[in-house]
Ligand SMILES: [Zn+2]
């Protein structure tokens with residue numbers, strides 16, 4: 237594999253394990269959800285997100301995705317409840333998408349792939365630092381939101397408009413006063429399982445909360461994501477049109493539903 241991982245033939249998901257052996261581990265993400273095999277767990281509580289819009293700091297293009305970064309130096313934007321035994325701090329959110337509207341999500345539901353998938357990454361504040369949290373199976377909680385094509389979503393446009401400032405790899409711009417809970421669907425039902433980051437090093441430290449109900453955005457809005465570049469300003473332009481990892485083996489793990 238080339239020095240840096242990516243999504244191309246020579247450095248894509250099939251090669252990640254060469255530098256990151258855990259990518260072939262027992263608890264990898266994403267997975268395919270087969271809803272007939274998922275049972276309701278009545279002990280799963282509702283989750284709540286209390287986000288401080290002032291904790292949004294910057295938006296950046298890291299060549300793999302566009303990411304909004306939050307101030308996580310204290311308990312400011314928090315996720316609580318659901319399958320979580322402690323409060324978790326919001327650190328960043330980012331998206332995965334495909335080259336056309338008929339695919340792009342990482343998880344799939346009964347064979348259905350959505351056009352994109354939003355990941356909100358939180359860390360368990362009992363571990364004192366993000367780096368320490370990465371070393372524990374309950375260190376990170378990610379909320380996954382599916383994006384399907386339909387009517388335009390105004391709240392999503394606030395985020396998309398900022399992409400013009402971060403077209404190329406390494407660009408970063410201020411991004412303030414944004415509450416990502418505006419990107420949640422109305423229904424809070426979720427599936428949960430233990431898994432990993434879907435990007436190297438693919439650490440197996442994640443409690444996933446995948447929201448059952450997708451949000452709706454327009455085809456033009458998804459197309460805006462594909463106007464980003466994975467190349468830096470001074471390099472030959474390479475469009476960032478595909479950044480999803482395919483489903484990984486479930487290896488006996490149990491997925492539970494918060495709903496009947
Ligand atoms: Zn992700």
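Residue numbers (the working numbering): 237 to 496. Think of the CB as a built atom: it goes at the ideal place given N, C-alpha and C, for glycine as much as any other residue.
The alpha-carbon of residue 270 is positioned some 20 Å away from that of residue 378. When 476, 449, 472 are compared, the shortest CA-CA separation from residue 494 is found for 449. Remark: the shortest separation between the CB of residue 330 and any heavy atom of ligand 1 falls under 7 Å. In the structure shown, the three-state DSSP call for residue 251 is helix. Nearest neighbour of residue 364 by Cα position, chosen from 277, 490, 310, 432, turns out to be 310. Non-local beta-carbon contacts of residue 431 in its own chain, meaning distances under 6 Å to residues more than five positions away in sequence, involve 263, 265, 442, 444 in chain order.
Relative to ligand 1, the beta carbon of residue 434 is positioned inside 7 Å of a heavy atom. Distance check between residue 340 and each of 482, 486, 491 places 482 closest, using alpha-carbon atoms only. Between residue 322 and residue 362, the CB-CB gap stays under 8 Å. By the Cβ neighbour-count rule, residue 479 is buried, with 16 or more other Cβ atoms within 10 Å of its own. Taking the Cβ of residue 430 as the reference point, every heavy atom of ligand 1 lies at 7 Å or farther away. CA-to-CA, the gap between residue 437 and residue 400 works out to about 29 Å. A direct Cα-Cα distance of roughly 5 Å separates residue 355 from residue 329. As DSSP reads the structure, residue 358 sits in a beta bridge with 326, 377. The continuous alpha helix (DSSP H) containing residue 395 extends over residues 390 to 396. If you check the C-beta of residue 339 against ligand 1, you find no heavy atom less than 7 Å away.
For residue 286, the uninterrupted beta strand (DSSP E) segment begins and ends at 283 to 286. Residue 244 and residue 472 have their C-alpha atoms spaced approximately 15 Å apart. If you draw a straight line from the Cα of residue 351 to the Cα of residue 382, it comes to about 8 Å. Annotation for residue 355 indicates a beta carbon within 7 Å of some heavy atom of ligand 1. The distance from the Cβ of residue 308 to that of residue 327 is about 5 Å, consistent with a contact at the 8 Å cut-off.
A distance below 7 Å between beta-carbons, with the five flanking residues on each side excluded, links residue 418 to the following residues of its chain, in chain order: 391. According to the DSSP assignment, residue 368 belongs to the alpha helix (DSSP H) that extends over 366 to 369. Judged by DSSP secondary structure, residue 293 falls within the beta strand (DSSP E) whose first and last residues are 292 to 297.
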